[in-house]
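Visitor: Quick one: structure below, then a few questions.
Protein chains: 2
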Amino acid sequence: MYTETAMLGLDVPLRASERAYRQLRGEILNGFLAPGAALLEVEQAERIGISRTPLREAVARLIADGLVVGRRGRGFEVTDISVDSISELYELRQALEVQAIRLAAIRRDPTPFALLREGFVNAPQLLEQGDVGVHRYYGLIDELEDAIDVAVGNPFLVGALRAVRTHLARIRRLARRNPLRLHAAAAEHLLILDAIIAGDPSLAAHATHIHLHQSLQSVLAAIDEGSATVAN
Amino acid sequence: MYTETAMLGLDVPLRASERAYRQLRGEILNGFLAPGAALLEVEQAERIGISRTPLREAVARLIADGLVVGRRGRGFEVTDISVDSISELYELRQALEVQAIRLAAIRRDPTPFALLREGFVNAPQLLEQGDVGVHRYYGLIDELEDAIDVAVGNPFLVGALRAVRTHLARIRRLARRNPLRLHAAAAEHLLILDAIIAGDPSLAAHATHIHLHQSLQSVLAAIDEGSATVAN
DNA sequence: CAACCACTCTTTGTATACAGAGGCACTTCG
DNA sequence: CGAAGTGCCTCTGTATACAAAGAGTGGTTG
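So the sequence lines, in the order shown, correspond to chains F and G.
Heads up, the first sequence is in full-length UniProt numbering, so the first residue is 1 and it goes up one at a time.
Heads up, the second sequence is in full-length UniProt numbering, so the first residue is 1 and it goes up one at a time.
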């Protein structure tokens, strides 16, 4: 019930291609490798400290993830994020999350969600505690997502959802959320949680629909007003 | 507006890894490589006539597609299809197609759909013409899917949809549809088409929901009754 | 002065050689 | 006779060497 050796501190027995994949993926997600950045094979292979063969395997996986695109003759580059692509991603996200939440509300074991509910009830206080509080709030969201994935129990659906979340992580970076939105989002999550616990798929689906609508509006607004700042 | 050299008869200037990917993918989809079949690198590389390096790249893509899984220490094997996984795939399919159809109904240029409608009106006669007719009917469905993809205009959503269709192709192989179902399906497609042309996203979504429900029931029934035959 | 052609350099695509890990069978001991 | 340990062998994982293709640049010619 554990993935690789993730539970332990052991990262030594990891394949080189796996290390390269995780490192590059992380660097793309946290913005170290910015959209449009060129990836030269030899350059990246030397930087990571491996040869070109496992690096190519890592890049191939990144292409499959949609984080990297191959340029015709001139290597690869990190995919960029347009405002259009954000709206498009949310169209996919909505379809997947509404379905996932609906199924979770039907199939869930209520216990983990009841536990999570406690956390979201206390979210407003958490969000008053500065960056650490916000960080712990995001931790709650991760737990909620994991609980939903377990409740859904559908590898295809969960896999598609994880792919969407990968892209969302990049978007969050360029749209710092404001405190008001975080409080509102916490309330929305609480409603979703209640619907899941109550076993009400219809309510859960509608609440998710609303939540994602608000989320997208917030992200687009944040990018719009901060575009000059983000442009750096 | 053409992909690679697909339009021409030229397959010479294709990369070895690309050739290997297409060949293996095709062989998995058409059943030549059955679920559970082991893929040995040297063996497959020799068979296709390339070295191990591009073959590994091809296998990596197949793993990303979910058509192949890596066994801990002993190579790779073709993923198998359980009845459970079919229902799970349909849960994902429903979420994606309902969303896609809804958006298509909103954004469509009516012209190509009106053209397709002619084809589906004549579908019943087509289905009386034996295998060639059935084959042409499937061609119509492909055209419909392409038209929807264009109308949706969302790379994320369309990409997810294409991934689902890949797995569906394998499922169709082990569930020969009966003529009655094909006639009913054609009628359902006609309703969806009318809703798209009318620009009625709600009707289109509901019609798609029903269509997929019936489709899944038909597939599960076909597998149930034919299990002894399929087992061969 | 501009346009076209050729050459070179960079970078990817492919093959092969080598090393390490895991499994299976055989043998040996209890 | 059964079980456990050891050794071999196969297969993957990685590195490196080589080939080919594309792009950019410079020169030459009209």
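Note that the Cβ used here is the ideal one computed from N, Cα and C, for glycine as well.
These figures come from a predicted structure and were not determined experimentally.
1) Alpha carbon to alpha carbon, how far is Ile101(F) from Ala158(F)? Give it in angstroms, no decimals.
2) To the nearest angstrom, report how far apart His206(G) and Ala184(G) are at their CA atoms.
3) Considering only residues of the same chain and omitting the five flanking positions on each side of Thr3(F), which have a CB-CB separation below 6 angstroms?
4) Closer than 8 angstroms by beta-carbon distance: list the chain F residues that pair up with Asn178(G), in chain order.
5) Just the Cα atoms here: how many angstroms apart are Ala228(G) and Ala222(G)?
6) Suppose the cutoff is 8 angstroms on Cβ atoms and the five residues either side in sequence are ignored; what does the same chain contact list for Ile86(F) look like?
7) Against chain G, does Leu10(F) count as a neighbour if the rule is that its beta carbon must be under 8 angstroms from one of theirs?
8) In the region 117 to 161 of chain G, which residue ranges form an unbroken alpha helix (DSSP H) of at least 4 residues, counting only runs that do not cross its ends?
9) Please go through the same chain and pick out, in chain order, the residues whose beta-carbon is closer than 7 angstroms to the beta-carbon of Tyr90(G), but skip the five residues on each side of it.
10) Would you check if the region 74 to 81 of chain G and the region 145 to 165 of chain G touch, i.e. whether three or more CB-CB distances between them fall below 8 angstroms?
11) Have a look at Ser82(G), Glu46(G), Leu144(G), Asn122(G) and flag the residue whose alpha-carbon is nearest the alpha-carbon of Thr111(G).
12) Can you have a look at Leu180(F) and say buried or exposed, based on whether 16 or more other CB atoms are within 10 angstroms of its CB?
13) Spell out whether any CB of chain F is found under 8 angstroms from the CB atom of Arg165(G).
14) Measure from the alpha carbon of Gln125(F) to the alpha carbon of each residue in Ala186(F), Gly70(F), Ala60(F), Ile50(F), then state which is nearest.
15) Does the count of Cβ pairs from the region 46 to 62 of chain F and the region 56 to 65 of chain G closer than 8 angstroms reach three?
16) What separation, rounded to the nearest whole angstrom, lies between the Cα atoms of Ile81(G) and Gly70(G)?
17) Quick one: does Arg61(G) have its CB under 8 angstroms from some CB of chain F?
18) Which of helix, strand or coil does DSSP assign to Ala38(G)?
19) Does DSSP classify Ile28(G) as helix, strand or coil?
20) For a cutoff of 8 angstroms on Cβ pairs, would you count Val230(G) as touching chain F?
21) Nearest-angstrom Cα distance between Glu27(G) and Val42(G)?
22) Nearest-angstrom Cα distance between Ile141(F) and Phe156(F)?
23) Cβ closer than 9 angstroms: which chain G residues qualify as neighbours of Thr53(F)?
24) For Ile50(G), which residues in the same chain have their Cβ closer than 7 angstroms to its Cβ, ignoring the five residues on either side in sequence?
25) Counting only Cβ pairs nearer than 9 angstroms, list the residues of chain G close to Ala160(F).
26) Can you tell me where the alpha helix (DSSP H) with Ala104(F) in it begins and where it stops?
27) Judging by CA-CA distance, which residue of Leu67(G), Ala147(G), Arg136(G), His135(G) is the nearest neighbour of Leu115(G)?
28) Which residues bound the beta strand (DSSP E) around Gly70(F)?
29) By a C-beta neighbour count over all protein chains shown, 10 Å radius and 16 as the cutoff for buried, is Ala34(F) buried or exposed?
30) Given that a residue counts as buried once 16 or more other Cβ atoms are within 10 Å of its Cβ, and exposed if not, what is Arg108(F)?
31) With a cut-off of 8 angstroms on the beta carbons, I'd call Leu161(F) and Glu97(F) a contact; round off their distance for me.
32) Are any of the Cβ atoms in chain G nearer than 8 angstroms to that of Leu39(F)?
Guide: Taking the geometry as given:
1) For the sequence presented, residue 158(F) should be read as Val rather than Ala. Val158(F) and Ile101(F): Cα-Cα distance of roughly 11 angstroms.
2) Taking the straight line from one Cα to the other gives about 16 angstroms.
3) Because Thr3(F) sits at a pLDDT of 33, beneath the cut-off of 50, its placement in the model cannot be relied upon, and the following sentence gives the value as read from the coordinates. Excluding positions up to five away in sequence, the list is empty.
4) Near Asn178(G) there are no residues of chain F at all, since even the closest Cβ is about 26 angstroms away, more than 8 angstroms.
5) With a pLDDT of only 45 at Ala228(G), under 50, the local geometry of the prediction cannot be trusted, and no value is derived from it.
6) Ile171, Leu216, Val219, Leu220, Ile223
7) In this prediction, Leu10(F) has a pLDDT of 40, which is less than 50 and means its spatial position is unreliable; nothing more can be read from the coordinates.
8) 123 to 126, 130 to 152
9) Leu212, Leu216
10) no
11) Leu144(G)
12) exposed
13) no
14) Checking every option, the nearest Cα to that of Gln125(F) belongs to Ala186(F).
15) yes
16) 16 angstroms
17) Yes, Arg61(G) counts as interfacial toward chain F.
18) DSSP places Ala38(G) in the strand class (E or B) of the three-state scheme.
19) In this structure, Ile28(G) counts as helix in the three-state DSSP scheme.
20) Confidence in Val230(G) is poor, its pLDDT being 40 and thus under 50, which makes the residue's placement unreliable; the coordinate value appears in the next sentence. Chain F contact via Cβ: absent.
21) 17 angstroms
22) Distance between the alpha carbons of Ile141(F) and Phe156(F): 21 angstroms.
23) Thr53, Arg56
24) Ala16, Ala20
25) What Ala160(F) touches in chain G: Leu92, Ala95, Leu96, Ala160, Ala163, Val164.
26) 83 to 107
27) Ala147(G)
28) In the DSSP assignment, Gly70(F) falls within the beta strand (DSSP E) that extends over 68 to 70.
29) exposed
30) buried
31) 7 angstroms
32) no
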